[in-house]
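Protein chains in written order, with my numbering: chain D, 25 to 253; chain B, 25 to 253. Beta carbons: idealized from backbone N, C-alpha and C, even for Gly.
There are 2 protein chains.
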Amino acid sequence: MERVRWSATNSEGYEAPAALATDVVVLTVRDERLVALTVARDGGDERALPGGFVGAGERPLETALRKLHEKTGLDAPYVEQLGAFADPGRDPRGWIPSIAYLALVPPDTRVPDASACWIDARNPQALAFDHEEVLAAAVERLEGKLWWSNVTVGMLPGAFALSEARRVYEAIAQARYDPATFGRDLKSTGLIEPTGEQRTAGPGRPAAMYRFTSDRPAWGAGRRKRIAA
Amino acid sequence: MERVRWSATNSEGYEAPAALATDVVVLTVRDERLVALTVARDGGDERALPGGFVGAGERPLETALRKLHEKTGLDAPYVEQLGAFADPGRDPRGWIPSIAYLALVPPDTRVPDASACWIDARNPQALAFDHEEVLAAAVERLEGKLWWSNVTVGMLPGAFALSEARRVYEAIAQARYDPATFGRDLKSTGLIEPTGEQRTAGPGRPAAMYRFTSDRPAWGAGRRKRIAA
DNA sequence: GTAATAGTGTCTTTTAGACACTATAGC
DNA sequence: GCTATAGTGTCTAAAAGACACTATTAC
């Protein structure tokens with residue numbers, strides 16, 4: 025199925041991109057696994073990341089958020105740019121660079137649109153365009169920032185128990201953390217604070233609830249070398 | 025001086041970007057300061073980052089390297105993508121998204137082209153377009169990766185003494201490191217290895233030379249939490 | 001009571017910073 | 001010899017991991 029390729033020429037007479045696209049990698053944790061959101065492509069059984077074309081005069085970030093909402097009904101609390109994917113041939117329709125975004129949503133997020141579904145983020149099925157590459161970049165970014173920033177702010181509800189946070193961290197890092205050490209280390213980052221509330225869920229002692237001190241991207245204590253004398 | 029804005033419409037009848045640009049932030053260390061390379065703009069006394077338009081069928085990374093060479097005569101050993109800058113109005117000529125790259129060159133690099141000159145990367149003069157924002161993103165990226173990757177591979181010659189490396193790290197981190205501790209920590213990253221050579225420069229004991237074990241982007245030991253039992 | 005989850009305290013290991021000391025060059 | 005730079009060894013401080021112990025809930 026070879027369609028006619030789109031093309032564009034600018035007013036100076038040079039070939040121009042046929043469009044500017046955005047793609048969004050929405051990640052969350054389900055059943056202790058990192059999963060990504062995909063949508064069905066029109067007229068094909070292949071799946072793809074949600075995304076769409078940037079309108080003239082529109083900021084690409086706004087396009088990404090708008091398309092995410094249109095295609096999945098979701099609003100992501102945390103979004104950051106992953107980078108541009110613009111190699112020739114990435115889109116069979118023509119010269120269409122794409123700006124990819126990473127969005128995170130809480131584990132219990134329900135997707136209103138039935139055609140959207142979650143796939144394993146680390147062993148994805150075949151995806152359209154270069155979306156497998158984009159997804160891999162998103163996973164790598166998330167893994168890398170896990171302990172150095174409050175990225176997970178988007179993956180946890182407004183108030184959360186340390187055990188909830190731990191399960192999210194464990195799914196992303198693919199590791200098991202000692203509950204005591206995890207709590208101590210997370211608190212010592214300065215990124216979270218107690219809400220004062222408690223929550224009882226099933227058997228067991230009620231858990232103290234915490235919130236992130238900021239819902240904007242921030243770096244934690246991180247590891248910065250001290251200054252020598 | 026308001027020129028006519030470029031425009032483009034694709035074969036589907038929708039407005040399209042007038043062009044796709046790349047910009048390169050070339051950073052190095054001179055006189056213990058982090059500096060960035062700028063070029064004179066045609067027909068203006070404002071300065072800008074080197075860059076240019078991506079040709080149809082060209083990979084943006086290749087465009088960046090080609091433009092860097094054309095405008096400054098430089099070939100950078102280390103280049104990575106910074107991200108896309110595509111907000112409307114960033115380029116007065118029209119809708120022109122840009123993909124920015126970070127390139128690093130050794131401290132003693134001479135720029136063949138006389139119109140190119142180095143400016144303070146942390147307190148830049150006014151630059152064209154959104155290039156001050158791009159430069160700030162580059163500095164932040166470099167600072168963030170300093171101790172977690174071999175980014176500095178691009179900023180050191182093929183063989184270097186630990187004291188040379190230390191001066192580069194100090195300029196980037198804006199800190200002073202204890203020479204003994206610095207050497208121990210850099211060696212423990214596993215990113216460098218001794219060449220076996222020695223070098224005498226002026227008075228003082230000759231320095232053992234080292235090289236990076238890889239000249240491709242790589243992450244060092246980094247800090248990854250261990251797995252709980 | 002038992003099972004389950006939450007949280008505290010503390011010992012040990014690892015890593016980073018400081019700094020005294022030795023080594024080798026030019027003069 | 002003196003000064004300058006390079007490199008080693010080791011003490012100390014801080015962070016991370018392990019794990020025993022206590023606390024509070026449902027049943």
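- Approximately 19 Å separates the beta-carbon atoms of Leu210 (chain B) and Ala225 (chain B); this is outside 8 Å, ruling out the contact.
- DSSP, reduced to helix, strand and coil, places Arg117 (chain B) outside both helices and strands of the structure shown, so it counts as coil.
- For Asp154 (chain B), no CB of chain D lies under 8 Å from its own CB, so it is not counted at the interface with that chain.
- Contacts between Asp111 (chain B) and chain D, judged by CB atoms closer than 8 Å, involve Arg83, Pro84 in chain order.
- In the structure shown, Ser187 (chain D) falls within a helical segment according to DSSP collapsed to helix, strand and coil.
- The beta carbon of Gly76 (chain D) does not come within 8 Å of any beta carbon belonging to chain B, so the residue lies off that interface.
- At a cut-off of 8 Å, the C-beta of Ile216 (chain B) has no neighbouring C-beta in chain D.
- Unbroken alpha helix (DSSP H) stretches of 4 residues or longer found wholly inside the segment 167-228 of chain D: 186-197, 203-212, given in chain order.
- In the structure shown, Leu51 (chain B) falls within a strand segment according to DSSP collapsed to helix, strand and coil.
- Contacts with chain B (Cβ-Cβ distance below 8 Å) from the segment 37-70 of chain D involve Tyr38, Glu39, Ala40, Pro41, Ala42, Ala43, Leu44, listed in chain order.
- By the neighbour-count criterion, in which 16 or more other beta carbons inside 10 Å mark a residue as buried, Asp69 (chain D) falls on the exposed side.
- Comparing alpha carbon positions, the residue from D:Val135, D:Glu39, D:Leu85 closest to Thr52 (chain D) is D:Val135.
- Around the beta-carbon of Pro203 (chain B), fewer than 16 other beta-carbon atoms lie within 10 Å, marking it exposed.
- Comparing alpha carbon positions, the residue from D:Trp172, D:Ala100, D:Trp30, D:Ala127 closest to Thr213 (chain D) is D:Trp172.
- Taking Leu186 (chain B) as the centre and dropping the five residues before and after it, the same chain places the C-beta of Gly207 closer than 6 Å to its C-beta, in chain order.
- The Cβ neighbour count for Ala199 (chain B), taken over all protein chains shown within 10 Å, is under 16; the residue is labelled exposed.
- Short of 8 Å from the beta carbon of Leu151 (chain B), and not among the five residues preceding or following it, lie these beta carbons of its own chain, in chain order: Thr62, Glu70, Arg71, Ala72, Leu73, Leu159.
- According to DSSP, residue pairing for Asp144 (chain B) in a beta bridge involves B:Val59.
- Cβ atoms of Thr46 (chain D) and Tyr125 (chain D) come within 8 Å of each other, at about 6 Å.
- The beta-carbon of Thr176 (chain D) is placed no less than 8 Å from the nearest beta-carbon of chain B.
- Shortest Cα-Cα distance from Tyr234 (chain D) to any of D:Pro130, D:Asn174, D:Glu194, D:Gln222 involves D:Gln222.
- Contact fails between the segment 31-43 of chain D and the segment 139-156 of chain D, because fewer than three Cβ pairs, one in each stretch, are under 8 Å apart.
- Between Val163 (chain D) and Leu58 (chain D) the beta-carbon gap is near 7 Å, inside 8 Å, which marks them as a contact.
- Counting only residues of its own chain and dropping the five nearest sequence neighbours on each side, Gln105 (chain B) has a CB closer than 6 Å to the CB of Tyr125.
- Within chain B, the residues placing a beta-carbon under 7 Å from that of Ile123 (chain D) are Ala108, Ala110, ordered along the chain.
- In the same chain as Gly182 (chain B), and ignoring 5 residues on each side of it, the C-beta atoms closer than 7 Å to its own belong to Arg235, in chain order.
- Taking C-beta separations shorter than 7 Å and ignoring five residues to either side along the sequence, the partners of Ala100 (chain D) in its chain run Val50, Leu92, Ala127, Leu128, Val129, Gly178, following chain order.
- By the rule that beta-carbons nearer than 8 Å mark a contact, Thr33 (chain D) touches chain B.
- Its Cα nearest to that of Ala195 (chain D), the residue D:Arg54 stands out among D:Arg54, D:Pro41, D:Ala40.
- At a Cβ-Cβ threshold of 8 Å, Ala108 (chain D) and Phe77 (chain D) do not count as neighbours.
- Residue burial annotation: Asn147 (chain D) is exposed, with fewer than 16 other C-beta atoms found within 10 angstroms of its C-beta.
- At a cut-off of 8 Å between beta-carbon atoms, Ala189 (chain D) makes no contact with chain B.
- Against chain D, a Cβ distance below 7 Å from Ala80 (chain B) picks out Glu39, Trp119.
- Within its own chain, the residues whose Cβ lies closer than 6 Å to the Cβ of Val103 (chain D), once the five positions on either side in sequence are excluded, are Tyr125, Ala127, listed in chain order.
- Under the 8 Å criterion on CB atoms, Trp30 (chain B) is classed as interfacial with respect to chain D.
- Residue environment for Gly220 (chain B): exposed (fewer than 16 other C-beta atoms within 10 angstroms of its C-beta).
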